[in-house]
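Each remark here refers to the structure printed beneath this line.
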Amino acid sequence: MEEPELSTLKHFIASDQLSLDETRALLDEAYALKYNKGLITEWAKRTLLIGKSLGVIFFDPSLRTRVTFDLAMQQLGGHSIVLDVGKGVWKIEHREKVVMDGDATEHLIEAAKVMSRYINGMAIRAFPEGKSWADDKLDPIINGFAKYATVPIISAESSVWHPCQGLADIMTIDDRLKGTKKEPIVITWAWHPKALPMAVPNSILMESAKFGMDVRLAHPPGWELDDDIMARARELSAAAGGSVRVYDNFEDALSGARVVYAKSWGSLKNYGKPEVEAAAKADLRDHWRVRMRHMERTDKGIFMHCLPTRRNVEVDGDVLDSPFNAAYDEAENRLHVQKAVLLRSLRAE
Amino acid sequence: MEEPELSTLKHFIASDQLSLDETRALLDEAYALKYNKGLITEWAKRTLLIGKSLGVIFFDPSLRTRVTFDLAMQQLGGHSIVLDVGKGVWKIEHREKVVMDGDATEHLIEAAKVMSRYINGMAIRAFPEGKSWADDKLDPIINGFAKYATVPIISAESSVWHPCQGLADIMTIDDRLKGTKKEPIVITWAWHPKALPMAVPNSILMESAKFGMDVRLAHPPGWELDDDIMARARELSAAAGGSVRVYDNFEDALSGARVVYAKSWGSLKNYGKPEVEAAAKADLRDHWRVRMRHMERTDKGIFMHCLPTRRNVEVDGDVLDSPFNAAYDEAENRLHVQKAVLLRSLRAE
Amino acid sequence: MEEPELSTLKHFIASDQLSLDETRALLDEAYALKYNKGLITEWAKRTLLIGKSLGVIFFDPSLRTRVTFDLAMQQLGGHSIVLDVGKGVWKIEHREKVVMDGDATEHLIEAAKVMSRYINGMAIRAFPEGKSWADDKLDPIINGFAKYATVPIISAESSVWHPCQGLADIMTIDDRLKGTKKEPIVITWAWHPKALPMAVPNSILMESAKFGMDVRLAHPPGWELDDDIMARARELSAAAGGSVRVYDNFEDALSGARVVYAKSWGSLKNYGKPEVEAAAKADLRDHWRVRMRHMERTDKGIFMHCLPTRRNVEVDGDVLDSPFNAAYDEAENRLHVQKAVLLRSLRAE
Numbered sequence: 002m003e004e005p006e007l008s009t010l011k012h013f014i015a016s017d018q019l020s021l022d023e024t025r026a027l028l029d030e031a032y033a034l035k036y037n038k039g040l041i042t043e044w045a046k047r048t049l050l051i052g053k054s055l056g057v058i059f060f061d062p063s064l065r066t067r068v069t070f071d072l073a074m075q076q077l078g079g080h081s082i083v084l085d086v087g088k089g090v091w092k093i094e095h096r097e098k099v100v101m102d103g104d105a106t107e108h109l110i111e112a113a114k115v116m117s118r119y120i121n122g123m124a125i126r127a128f129p130e131g132k133s134w135a136d137d138k139l140d141p142i143i144n145g146f147a148k149y150a151t152v153p154i155i156s157a158e159s160s161v162w163h164p165c166q167g168l169a170d171i172m173t174i175d176d177r178l179k180g181t182k183k184e185p186i187v188i189t190w191a192w193h194p195k196a197l198p199m200a201v202p203n204s205i206l207m208e209s210a211k212f213g214m215d216v217r218l219a220h221p222p223g224w225e226l227d228d229d230i231m232a233r234a235r236e237l238s239a240a241a242g243g244s245v246r247v248y249d250n251f252e253d254a255l256s257g258a259r260v261v262y263a264k265s266w267g268s269l270k271n272y273g274k275p276e277v278e279a280a281a282k283a284d285l286r287d288h289w290r291v292r293m294r295h296m297e298r299t300d301k302g303i304f305m306h307c308l309p310t311r312r313n314v315e316v317d318g319d320v321l322d323s324p325f326n327a328a329y330d331e332a333e334n335r336l337h338v339q340k341a342v343l344l345r346s347l348r349a350e
Numbered sequence: 002m003e004e005p006e007l008s009t010l011k012h013f014i015a016s017d018q019l020s021l022d023e024t025r026a027l028l029d030e031a032y033a034l035k036y037n038k039g040l041i042t043e044w045a046k047r048t049l050l051i052g053k054s055l056g057v058i059f060f061d062p063s064l065r066t067r068v069t070f071d072l073a074m075q076q077l078g079g080h081s082i083v084l085d086v087g088k089g090v091w092k093i094e095h096r097e098k099v100v101m102d103g104d105a106t107e108h109l110i111e112a113a114k115v116m117s118r119y120i121n122g123m124a125i126r127a128f129p130e131g132k133s134w135a136d137d138k139l140d141p142i143i144n145g146f147a148k149y150a151t152v153p154i155i156s157a158e159s160s161v162w163h164p165c166q167g168l169a170d171i172m173t174i175d176d177r178l179k180g181t182k183k184e185p186i187v188i189t190w191a192w193h194p195k196a197l198p199m200a201v202p203n204s205i206l207m208e209s210a211k212f213g214m215d216v217r218l219a220h221p222p223g224w225e226l227d228d229d230i231m232a233r234a235r236e237l238s239a240a241a242g243g244s245v246r247v248y249d250n251f252e253d254a255l256s257g258a259r260v261v262y263a264k265s266w267g268s269l270k271n272y273g274k275p276e277v278e279a280a281a282k283a284d285l286r287d288h289w290r291v292r293m294r295h296m297e298r299t300d301k302g303i304f305m306h307c308l309p310t311r312r313n314v315e316v317d318g319d320v321l322d323s324p325f326n327a328a329y330d331e332a333e334n335r336l337h338v339q340k341a342v343l344l345r346s347l348r349a350e
Numbered sequence: 002m003e004e005p006e007l008s009t010l011k012h013f014i015a016s017d018q019l020s021l022d023e024t025r026a027l028l029d030e031a032y033a034l035k036y037n038k039g040l041i042t043e044w045a046k047r048t049l050l051i052g053k054s055l056g057v058i059f060f061d062p063s064l065r066t067r068v069t070f071d072l073a074m075q076q077l078g079g080h081s082i083v084l085d086v087g088k089g090v091w092k093i094e095h096r097e098k099v100v101m102d103g104d105a106t107e108h109l110i111e112a113a114k115v116m117s118r119y120i121n122g123m124a125i126r127a128f129p130e131g132k133s134w135a136d137d138k139l140d141p142i143i144n145g146f147a148k149y150a151t152v153p154i155i156s157a158e159s160s161v162w163h164p165c166q167g168l169a170d171i172m173t174i175d176d177r178l179k180g181t182k183k184e185p186i187v188i189t190w191a192w193h194p195k196a197l198p199m200a201v202p203n204s205i206l207m208e209s210a211k212f213g214m215d216v217r218l219a220h221p222p223g224w225e226l227d228d229d230i231m232a233r234a235r236e237l238s239a240a241a242g243g244s245v246r247v248y249d250n251f252e253d254a255l256s257g258a259r260v261v262y263a264k265s266w267g268s269l270k271n272y273g274k275p276e277v278e279a280a281a282k283a284d285l286r287d288h289w290r291v292r293m294r295h296m297e298r299t300d301k302g303i304f305m306h307c308l309p310t311r312r313n314v315e316v317d318g319d320v321l322d323s324p325f326n327a328a329y330d331e332a333e334n335r336l337h338v339q340k341a342v343l344l345r346s347l348r349a350e
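Chains V, Y and D, in that order, are what the protein sequence lines are.
Residue numbers for the first sequence follow my numbering, so the first one is 2 and each next one is one higher.
Residue numbers for the second sequence follow my numbering, so the first one is 2 and each next one is one higher.
Residue numbers for the third sequence follow my numbering, so the first one is 2 and each next one is one higher.
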């Protein structure tokens, strides 16, 4: 994975794209918006993006992302237009040079160029196809829009990254723990009936590494994250004076933890083979679920999950209903960090 | 059915929740908004809900509800975000304590708590499941949101009630008849190919009883409304000096009627058995449809229906196209009463 | 086809409805909005439609139409409500006097009358049913709304016309060529796997004829446009001092062309028989596609297409990626002409 060159652009796609200082600056803006810090008045905030519009384009479902981008634009004085590809909007082809005699009606190149004539930026959600990791790792939809659009592209979760989630997560940790440096975080795989994308674990891994946390990544053998992602996380962690360790049993990582971040993801080893993956994890179901007894072994740790989560499958309902749960704060912070990202991307457009 | 304790809350869920006086106060506000009464100017109205946002969450389709909630917020200076569950938004599980290894991705508890972080209120439409009346009568989705949300919940039709429709209906009657007291209203079942929900007849029954009308409920034997609903209607009717009588032939109820309110609903006796229900009503099709000759037997009565209606099935097209038809007024009044409800629920939030 | 009498109404449905002068006046308004001409300030523009709302009703998918109507209302100070019929909104029946015991839940009459109570105008997209051209030519949905609504109806593409596309097209030509009079335009059929509607070729044919262009309509034998459309185009063309000629090979029409407008459409001869149509055009695939060598034979012509287009099927990707391509301008101009149409239709409502 090459060093990204995106930080000079207004696109926001990768969780390792912004430096620690740039990320902190975004969080400072998000805090100011959340807690009404600074000189700006409530009314002035409502005019920051006046006359600006955002296209919010979903290739896949969403609740938090859908609501927060719309609301963020509205509360800053702008306007959003939400589009669901394949439902109401034409199906979009992303492969370059393809002969379009199949199912898709519109090419990404036209969609990107046309939308750029109308709006000031686009937030795009496109999950992986789930057949080949080599293909999905190229993130063709989000990168295609970034290549062909002439306005800023903000990822609302792609195959590789969920950068706004990563920002909301690190803001939640920083806000609840009053700092992040060397704080122990357990990022743990959880059992789930489906083979889910890796964007969320990649992003929280990268942000917690970037912020110098004591990162404890736990997953069963076979559920390793991508090697390039791991290498990049270790690099950022070292630069920030933190650490990244991998555990094959999340229970071994709980002692002293201040954060337990649970999330399921699919196995790269069995990528594109859901039945094989399901069989390989059949025995893991009872063990890899966060329960109250796990939270009680932490150092007053907070429970985190990007949501949606399956109650009593990834995590016990008891944990979600307890004071350990910080997932609603996480969800709320999506609104605040996305406002900061939108101001960075759209204000000068 | 216990006495509801909702009137002190800002939720708006049940048609028997508000007293006659409270309901009249809402109608007064709706009249003021509709006819520009009072001191408030057109421009001032546009700022009443400035900075407020409403989530409008559909588990089922809608035309009037979808347009009027959006427009009401917009015209009062606020903003709405419309979400279609299962289309674009994750499928939602409402059963408590369930192990979520099935189809649904998100639990109602998370949806309610997360949405409460973003917006100032929610309007929710959730039709009955249609399998067990005992289950549907508990109205698990609307009551689940009311339980777990920390912002006001407004029903946009649930299994048991369609309270905004009931308000629009009684406003239409009051406006067209210049009063409601002891006015004869025929609420009649109509034939329809499907077994439809009872929320609309429950709500118009309750409001007309509450307002002291001479209520004539007509349906074939076997299509009785829920016993608790009937008892509550008789109680409110008695308190208001009105009456509630049941007819097994709507033609017997027409004489002197000022309102004919037609609506189909399913049989509680055959609840969850659509084929049995369909067979039981096969012979009723020709008879239970409102025609011009019926309207002509009333005392210059108005024809009402919540819409959508099936032309030449529930009611003849002739009636809908005649001056008897007040259904478009009813539909319009949805906008005005919902503005009043939104002001009541959201203004102080 | 009778002379339309729509120009005194505020509906905007047919591409031959407005006279040349009326069309020019709309384009002048669109230019003023696009290039900020005239005395009106950026801020004043944002208040032109304040308090107005537009229903945007889709019976079929859309990208450009969906975004531009919403954005146009928003940028002029108004509000739009986008509805997808059959997805989230009830399925609508348009046949008059039908007994509605089938699939559709709501009749167009009720939808039109109820929506007229809420909003100030409606933009409606309804593609042809594709079974009988005699039926589709009557354009029952758009004309049904125009008949029953009491607010202006704007076509967002019907069976017969795509009038806003036609306006955007002629604006693009006029803007790029600095005039239209006697300029040669090739309107050419292109091969496509499906039998597509004729609304777009009808509209560009009519506008280019109305503006006195040297119109060269090219299609294989069997893909003639409707006789009444052709007769009306010749009539408008004659009045404007232009010409309309038909070619059975688009390559013969390229010499000196300033515009190549490519678009596929279905064969009237085999209307409603997609398999027969597909077989009849199997041999045409290689020939009827616009390539760079075709554009190079024009007089620095621009390539136009309404979009979406299938790359390497209707037109080579090379052409779309070249400076010949004016399709993104066309798409952008949809926004500007629709603002002009909305101002014409809604301002006084």
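Ideal placement from N, C-alpha and C gives every residue a C-beta, glycine not left out.
query: Terminal residues of the continuous beta strand (DSSP E) containing L55 of chain V?; result: S54 to F59
query: Which residues in chain D sit within 9 Å of P62 of chain Y, going by Cβ to Cβ distance?; result: G87, K88, G89, V90, W91, K92 and T106
query: Compare the Cα-Cα distances from L34 of chain V to each of V:S20, V:E23, V:L21 and V:L49 and report the closest residue.; result: V:L49
query: Check whether the stretch 64 to 72 of chain Y and the stretch 204 to 216 of chain Y touch, using three or more Cβ-Cβ pairs below 8 Å as the test.; result: no
query: DSSP three-state call for F146 of chain V: helix, strand or coil?; result: helix
query: For H80 of chain D, I'd like the list of residues in its chain whose CB is within less than 8 Å of its CB, leaving aside the five on either flank, ordered along the chain.; result: K53, S54, L55 and M74
query: For D85 of chain Y, count neighbouring Cβ atoms within 10 angstroms of its own Cβ and tell me buried if that reaches 16, exposed if not.; result: buried
query: DSSP puts G122 of chain Y in a beta bridge; with which residues?; result: Y:L55
query: Which of helix, strand or coil does DSSP assign to L7 of chain Y?; result: With a pLDDT of 42 at L7 of chain Y, under the threshold of 50, the predicted position of this residue should be treated as unreliable, though the coordinate-derived value follows. Three-state DSSP puts L7 of chain Y in coil, outside helix and strand.
query: Output, in chain order, the set of chain V residues within a Cβ distance shorter than 9 Å of H80 of chain Y.; result: D71, L72, Q75 and Q76
query: Mind listing the chain D neighbours of K98 of chain V? Cutoff is C-beta to C-beta under 7 Å, in chain order.; result: G318
query: What residues match up with E94 of chain Y in a beta bridge as DSSP calls it?; result: Y:H108
query: Around the Cβ of E3 of chain D, are there at least 16 other Cβ atoms within 10 angstroms (buried) or fewer (exposed)?; result: Caution applies to E3 of chain D, whose pLDDT of 44 falls short of 50 and renders its modelled position unreliable; the value that the coordinates give is listed next. By the 10 Å Cβ count, E3 of chain D comes out exposed.
query: Can you give the beta carbon distance from D17 of chain Y to K138 of chain Y, rounded, assuming they're within the 8 Å contact cut?; result: Actually they are not in contact, since the Cβ atoms of D17 of chain Y and K138 of chain Y sit about 14 Å apart, beyond 8 Å.
query: What is the rounded straight-line gap between the Cα of V83 of chain D and the Cα of D104 of chain Y?; result: 29 Å
query: Mind checking the stretch 327 to 341 of chain D against chain V and listing, in chain order, the residues whose C-beta falls within less than 7 Å of any C-beta there?; result: Y329, A332, E333 and L336
query: Alpha carbon to alpha carbon, how far is K132 of chain V from G131 of chain D?; result: 37 Å
query: Can you check which of these residues, D:P221, D:K46 and D:K211, is closest to I230 of chain D by C-alpha distance?; result: D:K211
query: List the residues of chain V that V68 of chain D touches, going by C-beta distances under 8 Å, in chain order.; result: G56, I82, L84, M116, Y119 and I120
query: I'd like to know whether the C-beta of T151 of chain D is nearer than 8 Å to at least one C-beta of chain V.; result: no
query: Looking only at C-alpha atoms, which of Y:E111, Y:R312, Y:G122 and Y:G167 sits nearest to R96 of chain Y?; result: Y:E111
query: Kindly indicate if chain D contains any beta-carbon less than 8 Å away from that of L308 of chain Y.; result: yes
query: Is it true that the CB of G243 of chain D sits closer than 8 Å to the CB of D300 of chain D?; result: no
query: Taking Cβ positions, are V338 of chain V and F13 of chain V nearer each other than 8 Å?; result: no
query: Please report the Cβ distance between W190 of chain V and H220 of chain V, rounded to the nearest whole angstrom; I am assuming they are in contact, meaning their Cβ atoms lie under 8 Å.; result: 4 Å
query: Starting from the beta carbon of M123 of chain D, find every residue of chain Y whose beta carbon is closer than 8 Å, and list them in chain order.; result: Here the premise fails: no neighbours, minimum Cβ distance about 11 Å.
query: Report the rounded CA-to-CA distance for R335 of chain Y versus I58 of chain D, giving the unit in angstroms.; result: 20 Å
query: With 8 Å set as the bound, which would you pick, yes or no: does the beta-carbon of A234 of chain D sit closer than that to a beta-carbon of chain Y?; result: no
query: So R312 of chain Y packs on G318 of chain Y, CB below 8 Å; how close in whole Å?; result: 5 Å
query: Need the endpoints of the beta strand (DSSP E) that H80 of chain D sits in, please.; result: H80 to D85
query: Measure from the C-beta of R177 of chain D to each C-beta in chain V and report whether the shortest distance is under 8 Å.; result: no
query: Determine the burial state of S20 of chain Y: buried for a count of at least 16 other Cβ atoms within 10 Å of its Cβ, exposed for fewer.; result: exposed
query: Is it a yes or a no for the stretch 179 to 194 of chain D touching the stretch 243 to 255 of chain D, going by three-plus beta-carbon pairs under 8 Å?; result: yes
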